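One structure is given below, encoded as structure tokens.
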Ligand SMILES: Cc1ncc(C[n+]2csc(CCOP(=O)(O)OP(=O)(O)O)c2C)c(N)n1
Ligand SMILES: Cc1ncc(C[n+]2csc(CCOP(=O)(O)OP(=O)(O)O)c2C)c(N)n1
Ligand SMILES: [Mg+2]
Ligand SMILES: [Mg+2]
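Residue numbers (the numbering used here), protein chains in the order written: chain Y, 1 to 322; chain B, 323 to 644; chain C, 645 to 1047; chain H, 1048 to 1450.
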């Protein structure tokens, strides 16, 4: 156990699995699979496992995503790290090939593969193509791949172990803005389940549901609200597909107040699904939805920071709801 | 005015616009841009306008979609017909380039382009990659392109005129299963607005919202229900982005009962957004959602036809709601 | 052979006059009917004649495989044409049998997952599947959506797969399969296995952007990938010159440094020779190969329109009066060089069997296929609720059609 | 030039031993520092020397353009290093100035939408933008997110565009721009215009699947497309030999039948000659061209790390100790062939200006750029609510961050 950075926690999991399984491969593009952490040995997958197993080639995210799928079908566990700029380049092969492969073969295809897909949304000034945070919804609508999105270094490691060990293909969304988080993370391997939401706070006045990069702002807002006497259940989805409806419905049945918070565009943001499932199952729920407007993120920090949902927006919407 | 097939209605619109504008181009792949209709001259865009303006090259839907975008940016109106097999091949360039281009240039990019994207979902036996009906949600989450989905030959023609004349880029989803529909369609050009839902039936007991290939089954169910004394408002979304919230909210405020019907996968189907917007705006709404399960469509007709929402499913869910 | 007629008609001032296109037209006009002969001679002289080492048993088995594919296609076409209860369909492979057979004869088709060679197929999979060794009755059942089919009735024609014999499976999309196959080859190389990954793809795949990814990465990483391009001249209604500036698509591959061959796809021995060379290279760590097999399909793109029950091939079907449609004379010219005939003649010529025995084998195969259809079409239909299974390894997803 | 050092170190048994890769290594070792000289001589002898027809005014204007780019970069780098209030950033183009300048000098940079030639740019756009003739003060304002900037502060560096001068704009993605540019060329050809579409793309674009789509369709349709590949040897930290089996990427283009040239990207005259040839061909309906300009960037991939205010270039920055990082000696060797120096020497040598006048021009340009920054950084900031505009042509979208 030690304080660990996000990236170190993730690569620790990958390193462990690659040591256990000499057939496992890793394909990268921009980010060399290297991480260091105070008081810990440097992890460098490329030098430790060699360029036959750990490789970068050209800027071709579709090849990267397809190649790990092919590796899986050949019986080798495999993962790739797709940088956010290329986050939708492999969309078609995941949506239309990988996601349908087990079903179409009547269960005979094996796909022990993980696509780590970076998401951004954090850096003001990077604009439309480099500040967007929208992929959650695209990948969430796909059945047949498990789509998860960690929001803490602990979960990042535990979900990585679970994803690499899963026989289901996993889209592992990685909110790059959370890279600077650190927390206590065990050295030994452990799993966080791929289909369970986390209740981050228990309140009773309202339910706030968010995920990934939305979580820090939500937790900050919940703190503020608590100080004002408003106690919120805070749910971190973690699993987008399959979504943990039970945890949401349990909370909403109790609070009858639901606030969803997303950095993704409003229309069909994950919160839309959370709301729909809640009101399908619970009557008389009051709802509100905080999300990025249906506009690409602009470059100007003045525009961008005003549009991106922050803790104050969350707190304000919560106040209006209770 | 004459009874016209779907494809004839669409190509009539395209032919008219191409005659008006000698710079306009059309890129096709499988389906030669040819249509005939009893008592009407055959339309053949390729022979009428020549292969400099009407072209097919290889099986490369990303090129097709990107090429019309480039044509638009060069000042030429342009459209392409993407067959359903390639429906998500051009996803990235639409989502991450075209949709962001007007915003990122501060309004200076002009994109008078239309991507006609075929959707299937109708033919039992075609299985996962050829019976799916899922693209509505992927394209609907994208801001900056107008995504529309006609459900009748009349709308198909009117929306095509509107799309081709729009300065906004348009994703025009084409439910291929509706190809066999015919109805009275005017010979002269006319427009159906790109952002207005259609109220197909007025009832008052409940609101049923659907779109595209879902519509025929919904209308059939509404008929059945009417015979039983249950009167439904039936709304055809037509515009997925930007969605016509007003029409939905007006109806739901009145009925307080909302049933959404989609052929798309349940999680984040368009109905999730309809439900979320409804309950954000109207209190005390009872909701139900009919959709394709979160599984790829299987080949076996027994499995597929059971899973695909049909008129009986719609009627049954409506009965349970009122 | 009415070769020129295969080139789509165009208005002179409407024709893109690229240099390579002009080259294509000229070359095609010059060589005409001799194209495949010229290629054949080339292949004979260039590629080591590995087939000389094939045992008589193996040669007979290859002949049987060709016949199994042929009679599977013909029987299924007859079903489609005559049996109103039959619901299956196919993108028929008849005419191309020697390609799948020659290639798969050079592969390891049994063994554990780290032993068996993998073959990726396309939307036209039945020939590849049979050559790779799948259970034909189960495939027949699958294609008619039966619950005891090879894939439980979930996939049917365009999605059949049988990992047990290394048949990675059909794929209904043009583009992705070769890239995915290169990933299998990458994994094989990474784990130090001598397996190879083969992908069968049509000429339509050349224009897909995936072609570049596949070739480039296979070359850069020296992958044990064998790309078998079955150039049957058409994708649907379009002649390949509309989408490819090369006469031999193999040229496009060799530019990446990929070992490339063009072979007569109607002659199983030539296909085998090229495949054996490619497999030996790949197992020895010498990297990827590309084999362009010139071939032709006897039926139309999909299903049996234009065909008559009991007759081979489909003639004169062109409902949309598509200008680019393949001419009937071209089809008839190709049928003169039928892969079944060619294989039979070789076996007789080499003294492996006599004509009578060859005919006998054909009758045996016909009976085997008839039985396969009998068994397959007698299998139980699927249970509706099973559609909710096999989304993930475990569990079922909830029904959602009821609201 | 320490050329070998640019090739990533690898363990012998870990190296993919593709034939082309070996060829690459051998050729690079053989030619060493002489690479660009050899190419230069080749280009001089092959490409018509169109520059002989350039007027003195035009030559001086080209020199000014190079200087404008150079001083824009240096001034902005200094801002980033020294002005804590400066928020802009750049992927600096310094070192590559001759490419954008030589190409755009051969284009039509004004006129209506059916007259002006279009240039598509990349994530490294400032040089292309200036050469195409955008308003520099407005670009400076845009890069610092000002509401009166070229794009209203919506886009900033990686998204600048100015359709008025045919600058179709930057694009932060690797891959799509060349394909889109080919669509512009398609439209130009379809409407019978003699316009051309140019796309600037880095060596990183070679491996993207889009490369194939662009080349193939440009060739098949004979499009008036000019693909200018600025091969500055690296994409981020990776030498291009990791992603490309060719020494000259132009080889990859010529295979499609696209007219291809390799030029010394440091010499504006050679770039111009190749560009003029390509433009003339395109306008005459002779189809696409590919120009590979061998060049180098003086700063690191992004921003100014490793740079010192007031000094040109960035040295010795490699925080992640990346094995594939470019060696400092390589950078210094390239700086010996600086595009500004080369352009100045040519002008003096041809008697267009004397050294004193050349220096004077440089001072004028420096002053012009300084003014541009003064104006740009004094512009008003954006209004938050404006972020909801320009999603569609008309209207604003609703705010949704408030719930
Ligand atoms: C991405 C994509 N676009 C379009 C199609 C429709 N389609 C199915 S098969 C086919 C033609 C394929 O031709 P080719 O690769 O030559 O194979 P052949 O049919 O000749 O065996 C096309 C266009 C598809 N399956 N996938
Ligand atoms: C699809 C995609 N993947 C990854 C990136 C991240 N990226 C930005 S620039 C760059 C390197 C580009 O190299 P090159 O094309 O040689 O241009 P240069 O930077 O040398 O000018 C990369 C990988 C991107 N922008 N787009
Ligand atoms: Mg073909
Ligand atoms: Mg570069």
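All C-beta atoms in this analysis are idealised placements derived from N, C-alpha and C, irrespective of residue type, glycine included. As the structure is a computational prediction, the values presented were derived from the model and not from experiment.
As a quick exercise: from the options, pick the residue whose alpha carbon is nearest that of residue i.
| i | options | result |
| --- | --- | --- |
| residue 912 (chain C) | C:744, C:727 and C:701 | C:744 |
| residue 1182 (chain H) | H:1210, H:1340, H:1140 and H:1337 | H:1210 |
| residue 1151 (chain H) | H:1141, H:1138 and H:1168 | H:1168 |
| residue 716 (chain C) | C:1032, C:755, C:781 and C:761 | C:781 |
| residue 193 (chain Y) | Y:186, Y:175 and Y:148 | Y:148 |
| residue 54 (chain Y) | Y:41, Y:72, Y:32 and Y:27 | Y:27 |
| residue 1431 (chain H) | Y:229, Y:304, Y:47 and Y:236 | Y:304 |
| residue 739 (chain C) | C:875, C:789 and C:830 | C:875 |
| residue 500 (chain B) | B:533, B:587 and B:338 | B:533 |
| residue 713 (chain C) | C:815, C:723, C:737 and C:733 | C:737 |
| residue 235 (chain Y) | Y:183, Y:228 and Y:271 | Y:271 |
| residue 629 (chain B) | B:503, B:513 and B:449 | B:449 |
| residue 742 (chain C) | C:910, C:734, C:754 and C:824 | C:910 |
Leaving out five residues before and five after residue i in sequence, what residues of the same chain have Cβ atoms less than 6 Å from its Cβ?
| i | result |
| --- | --- |
| residue 1071 (chain H) | Because residue 1071 (chain H) carries a pLDDT of 39, less than 50, the predicted location of this residue cannot be relied on, and the following value inherits that uncertainty. Same-chain partners within the cutoff: 1288 and 1294. |
| residue 1429 (chain H) | 1194 and 1200 |
| residue 590 (chain B) | 459 |
| residue 923 (chain C) | 750 and 840 |
| residue 945 (chain C) | 880 |
| residue 122 (chain Y) | 177 |
| residue 720 (chain C) | 734 |
| residue 14 (chain Y) | none |
Which residues in the same chain have their Cβ closer than 7 Å to the Cβ of residue i, if we skip the five residues on either side of it in sequence?
| i | result |
| --- | --- |
| residue 457 (chain B) | 409, 410, 439, 441 and 495 |
| residue 690 (chain C) | none |
| residue 321 (chain Y) | 206, 257, 259, 286 and 288 |
| residue 635 (chain B) | 612 |
Taking all protein chains shown into account, decide if residue i is buried (16 or more other Cβ within 10 angstroms of its Cβ) or exposed.
| i | result |
| --- | --- |
| residue 1240 (chain H) | buried |
| residue 221 (chain Y) | buried |
| residue 709 (chain C) | buried |
| residue 1269 (chain H) | buried |
| residue 1008 (chain C) | exposed |
| residue 1324 (chain H) | buried |
| residue 330 (chain B) | buried |
| residue 586 (chain B) | buried |
| residue 700 (chain C) | exposed |
If I'm right that residue i touches residue j with Cβ under 8 Å, what's the distance once you round it to whole angstroms?
| i | j | result |
| --- | --- | --- |
| residue 809 (chain C) | residue 777 (chain C) | 4 Å |
| residue 115 (chain Y) | residue 90 (chain Y) | 7 Å |
| residue 71 (chain Y) | residue 1444 (chain H) | No, residue 71 (chain Y) and residue 1444 (chain H) are not in contact; Cβ-Cβ is about 42 Å, not under 8 Å. |
| residue 209 (chain Y) | residue 258 (chain Y) | 7 Å |
| residue 353 (chain B) | residue 1206 (chain H) | Not really, about 35 Å apart at Cβ, beyond 8 Å. |
| residue 704 (chain C) | residue 997 (chain C) | 7 Å |
Going along the chain, which residues of its own chain have a beta-carbon closer than 8 Å to the beta-carbon of residue i, five neighbours each way excluded?
| i | result |
| --- | --- |
| residue 1305 (chain H) | 1262, 1265, 1266, 1274, 1334, 1335, 1336 and 1337 |
| residue 93 (chain Y) | 62, 65, 66 and 69 |
*Pick out every residue whose C-beta is nearer than 6 Å to a heavy atom of ligand 3: which are they, in chain order?*
C:846, C:847, C:848, C:876, C:878 and C:879
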